[in-house]
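Numbering (the working numbering), first residue to last: 206 to 593.
Pasting the structure below:
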């Protein structure tokens with residue numbers, strides 16, 4: 206009986222020792238495992254910890270197991286640290302790989318967009334042109350200065366002249382309209398002074414505008430041709446002009462302001478604005494007493510010129526000054542020998558001159574176009590007047 210009990214105790218002891226060794230072996234195996242293996246074997250760790258805790262609670266742990274307690278604790282702690290390190294390392298490698306892949310894709314996209322082969326070809330041509338035009342010099346360099354200098358350039362300006370002749374004029378060549386090549390962006394479908402019709406064709410959606418304008422000198426009041434009057438020759442002239450701005454082109458339709466009273470112009474679709482200018486300062490050349498004598502006004506009541514620029518249109522002082530010039534010219538003609546015999550002057554009085562000239566500043570006329578074979582008036586332009 207006693208022998209059987211001792212044998213059973215020995216068998217149980219061997220089982221417990223074997224179980225403890227199995228737990229240690231499992232811990233050692235997991236300590237060297239991949240993080241993915243650890244993630245799928247967390248239940249093994251939990252079973253070992255639960256088994257060990259149960260042995261301590263029920264007081265069945267043997268002395269040899271208790272001796273290994275600290276060792277198992279250290280193994281578990283180290284195992285957890287290794288798991289965390291391996292997971293952190295794996296995450297870092299994943300981020301590094303993703304960053305590297307991003308830069309590779311970015312470089313490929315940039316390479317495809319920039320057309321590196323063409324850019325290299327342009328750069329090579331430029332460098333070859335530069336090298337082929339370099340002057341041959343001695344040890345003194347390109348500038349003819351200093352001891353032993355044998356250079357061909359003696360000043361900075363000569364260097365700029367050489368660069369202009371050797372590079373700018375040969376490398377940077379402006380496109381030529383009419384050579385059969387439409388070279389964007391300088392050349393594009395054109396009309397008027399814009400684009401190149403010969404190489405790129407005509408601009409779509411253009412309309413013909415007809416302008417019929419006149420100034421007071423062309424208006425022939427009462428049938429008098431003011432442009433031919435000797436009394437108005439050489440007198441201060443406002444020098445009226447005009448231009449049209451196109452929002453579509455972002456520029457003026459004419460390079461220079463127009464003085465032609467009758468003309469036709471092609472315009473693109475979009476917003477257009479007519480701008481009127483006065484080219485000369487008549488008020489600068491007409492003294493106040495002349496305005497007083499011609500218009501019967503008190504000089505002290507004359508307005509000062511307030512326009513900021515000399516070409517501003519419609520300044521009150523210039524309106525009065527221009528009217529005084531025309532009044533004096535008409536009066537001088539109609540009261541002179543030639544005018545007295547001119548029936549056109551018969552119905553004129555001094556006040557007629559004043560009212561007509563004070564209501565005749567600037568341009569009068571119209572701007573028309575044709576729609577479906579019918580003429581349409583777009584703008585009706587009237588002289589500016591000091592009267593309401």
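By construction, the Cβ of each residue, glycine as well, lies at the ideal position given by its N, Cα and C atoms.
What is the rounded straight-line gap between the Cα of residue i and the Cα of residue j?
i           : j           : result
residue 408 : residue 474 : 10 Å
residue 503 : residue 493 : 9 Å
residue 586 : residue 564 : 13 Å
residue 422 : residue 525 : 16 Å
residue 454 : residue 370 : 34 Å
residue 360 : residue 367 : 11 Å
residue 482 : residue 418 : 14 Å
residue 345 : residue 364 : Because residue 345 carries a pLDDT of 48, less than 50, the predicted location of this residue cannot be relied on, and the following value inherits that uncertainty. Between residue 345 and residue 364, the C-alpha separation is close to 15 Å.
residue 487 : residue 556 : 22 Å
residue 471 : residue 477 : 12 Å
residue 531 : residue 385 : 54 Å
residue 374 : residue 311 : 37 Å
residue 542 : residue 550 : 12 Å
residue 305 : residue 325 : 27 Å
residue 450 : residue 459 : 9 Å
residue 317 : residue 330 : 21 Å
residue 610 : residue 382 : Absent from the structure is residue 610, since the part of the chain shown begins at 206 and ends at 593.
residue 285 : residue 309 : 36 Å
residue 544 : residue 404 : 58 Å
residue 263 : residue 275 : The pLDDT assigned to residue 263 is 42, lower than 50, so where the model puts this residue is not dependable, and the model offers no usable value.
residue 281 : residue 289 : 12 Å
residue 546 : residue 411 : 52 Å
residue 343 : residue 380 : Its pLDDT being 49, under 50, residue 343 is placed unreliably by the model, and the measurement read from it follows with that caveat. One C-alpha to the other measures close to 38 Å.
residue 573 : residue 479 : 13 Å
residue 389 : residue 511 : 45 Å
residue 452 : residue 400 : 16 Å
residue 300 : residue 294 : 10 Å
residue 320 : residue 327 : 11 Å
residue 333 : residue 322 : 16 Å
residue 581 : residue 548 : 37 Å
residue 393 : residue 429 : 49 Å
residue 377 : residue 362 : 20 Å
residue 577 : residue 402 : 25 Å
residue 268 : residue 278 : With a pLDDT of 47 at residue 268, under the threshold of 50, the modelled position of that residue is not reliable, and no figure is offered here.
residue 292 : residue 298 : 10 Å
residue 283 : residue 315 : 48 Å
residue 425 : residue 509 : 30 Å
residue 313 : residue 287 : 39 Å
residue 569 : residue 416 : 11 Å
residue 505 : residue 579 : 53 Å
residue 584 : residue 420 : 16 Å
residue 391 : residue 406 : 14 Å
residue 432 : residue 593 : 28 Å
residue 302 : residue 296 : 10 Å
Between the options, which lies nearest to residue i when the distance is taken from Cα to Cα?
i           : options            : result
residue 497 : 533, 469, 280      : 533
residue 561 : 588, 486, 522, 413 : 588
residue 427 : 558, 592, 403, 505 : 558
residue 554 : 491, 500, 288, 583 : 500
residue 507 : 432, 591, 415      : 591
residue 495 : 479, 542, 440      : 440
residue 396 : 302, 546, 457      : 457
residue 489 : 402, 392, 522      : 522
residue 566 : 519, 580, 582      : 519
residue 528 : 429, 577, 491, 505 : 491
residue 517 : 484, 548, 287      : 484
residue 575 : 414, 378, 425, 279 : 414
residue 469 : 571, 387, 432, 431 : 571
Report the partner residues of residue i according to the DSSP bridge assignment.
i           : result
residue 407 : 395
residue 463 : 447
residue 585 : 571
residue 438 : In DSSP, residue 438 forms no bridge with anything.
residue 478 : 450
residue 413 : 471
residue 456 : 451
residue 418 : 570
residue 579 : 576
residue 483 : 445
Can you determine whether any heavy atom of the ligand COA sits closer than 8 Å to the C-beta of residue i, and answer yes or no?
i           : result
residue 308 : Looking at this structure, you won't find the ligand COA or any other ligand, since it has none at all.
Practice task
Answer yes if the segment 439-448 comes into contact with the segment 459-473, meaning at least three C-beta pairs across the two stretches below 8 Å, and no otherwise.
Solution key: Taking 8 Å as the limit for Cβ pairs, the verdict is that the segment 439-448 does touch the segment 459-473.
Practice task
Give a yes or no on contact between the segment 426-440 and the segment 527-542, applying the rule of three or more CB pairs nearer than 8 Å.
Solution key: Yes, they touch.
Exercise for the section: Identify every run of the alpha helix (DSSP H) within the segment 513-548, keeping only runs that are complete inside it and at least 4 residues long; order them along the chain. Expected result: 521-539, 542-545, all fully within the segment 513-548.
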